[in-house]
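Structure record follows, encoded as structure tokens.
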Amino acid sequence: RHVRHLVDDNELRLLRLFPALESRGGFLVRGSEGMHGASSRPGHHHHGSRGGEDDENPNLLHVPHQHGHKHSGEGGLRFPLNRPENNLIHRDDALVQGEPRLSETEYDFAICRVRPNTALPVDQQQPVNGLISLWQQKESKDLNVHVHVTGFKANASARDHRAYMHGMHVHVEGNLTESCQSTGAHFNPTATVHGDRRASIRHVGDFGNIACDKHGITNVVFTDTVASLTGPSSIVGRSINIHAHMDDLGKNPHIPASVSSGNAGPRIACCII
Numbered sequence: 001r002h003v004r005h006l007v008d009d010n011e012l013r014l015l016r017l018f019p020a021l022e023s024r025g026g027f028l029v030r031g032s033e034g035m036h037g038a039s040s041r042p043g044h045h046h047h048g049s050r051g052g053e054d055d056e057n058p059n060l061l062h063v064p065h066q067h068g069h070k071h072s073g074e075g076g077l078r079f080p081l082n083r084p085e086n087n088l089i090h091r092d093d094a095l096v097q098g099e100p101r102l103s104e105t106e107y108d109f110a111i112c113r114v115r116p117n118t119a120l121p122v123d124q125q126q127p128v129n130g131l132i133s134l135w136q137q138k139e140s141k142d143l144n145v146h147v148h149v150t151g152f153k154a155n156a157s158a159r160d161h162r163a164y165m166h167g168m169h170v171h172v173e174g175n176l177t178e179s180c181q182s183t184g185a186h187f188n189p190t191a192t193v194h195g196d197r198r199a200s201i202r203h204v205g206d207f208g209n210i211a212c213d214k215h216g217i218t219n220v221v222f223t224d225t226v227a228s229l230t231g232p233s234s235i236v237g238r239s240i241n242i243h244a245h246m247d248d249l250g251k252n253p254h255i256p257a258s259v260s261s262g263n264a265g266p267r268i269a270c271c272i273i
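Reminder that position 214 of the sequence shown reads as 214 in full-length UniProt numbering, one-by-one numbering, no gaps.
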């Protein structure tokens, strides 16, 4: 069956089609124009061009072989993207109005399936679950990040906006053997101090804050120009951590935790990119 909604805010159904990928914490898919040699049936692929009408279909996204090697005419799985007449990828909330057509150029994609930090004491745990989707045009610095997670323990009566804010960072290790506690420190290959996502001096992994609503739901899109899906600043294979409190963006130099990590409190949820 065709997957009609590749980008689905409520559930990424691709993972149900590929259970082997779920155990690896996520996967990278590449979209390109004119990709050949793919079957439209999940679980079936072969090498060489089929010579069918799907070969040049601009509304298909190509998922490469799982065995990892690259070669000419690579086979794989292809899924139709459900697009309205304006050629924008459909999302229920329509947050992203300018998403490009994959047929016009190549984009890299990654996902991060968020799960709670079960290593915390039970009274500190929050049932935060969801999906972080990332996409980036090749040769571009703009990394687009869509965060849709639920389960924050929000205080609906809180009047201070900080009560709804949660620091979110890329950590260096893609290791969940001890849940979120084994993901290491912030991804900081340039050995700089912690800062805001928009700051000139910051960790590569500094994504700043996300905000939830009174129901404990976050659904937001932002663009980052430092982190990447390729090159020396690539975050693929690393982890994203969401923290219990607001990131102070390193603006309290008298507090060591502010300088190192934004003093955002314990990690309440995480995932591997």
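Ideal Cβ positions, reconstructed from N, Cα and C, are used throughout, including at glycine. Model, not experiment: these values are computed from the prediction.
Asked                                                                                                        : Found
Sub-8 angstroms separation of I210 and H166 beta-carbons                                                     : yes
Check whether Y164 and C112 have beta carbons under 8 angstroms apart                                        : no
Q124 classed as buried or exposed, judged by whether at least 16 other C-beta atoms fall within 10 angstroms : exposed
DSSP-derived helix/strand/coil call for A163                                                                 : helix
Start and end residues, beta strand (DSSP E) containing residue 285                                          : Here the chain has residues from 1 to 273 only, and residue 285 is not among them.
Nearest candidate by alpha-carbon position, reference residue 274, set L131, I132, Q136                      : In the structure as shown, the chain starts at 1 and stops at 273, and residue 274 therefore has no counterpart that could be examined.
Cutoff 6 angstroms; reference H245; Cβ partners in own chain excluding five residues on either side          : A264, G265
C-beta neighbour in chain C for I255, strict 8 angstroms                                                     : Looking at the structure shown, chain C is missing, and only one protein chain is on hand.
Residue from S200, G237, S140, D108 with nearest C-alpha to F187                                             : G237
Terminal residues of the beta strand (DSSP E) in which S133 lies                                             : 129-137
Cα-Cα separation, V172 to P127                                                                               : 23 angstroms
Sequence-distant residues of its chain with Cβ nearer than 6 angstroms to T252 (five each side left out)     : A small fix is needed here, since residue 252 is Asn in this sequence, not Thr. For N252, where only same-chain residues beyond five positions count, the Cβ hits under 6 angstroms are S258.
Unbroken alpha helix (DSSP H) run spanning V259, endpoints                                                   : 256-261
H243, enclosing beta strand (DSSP E) - first and last residue                                                : 239-243
Range of the contiguous beta strand (DSSP E) that encloses I111                                              : 107-116
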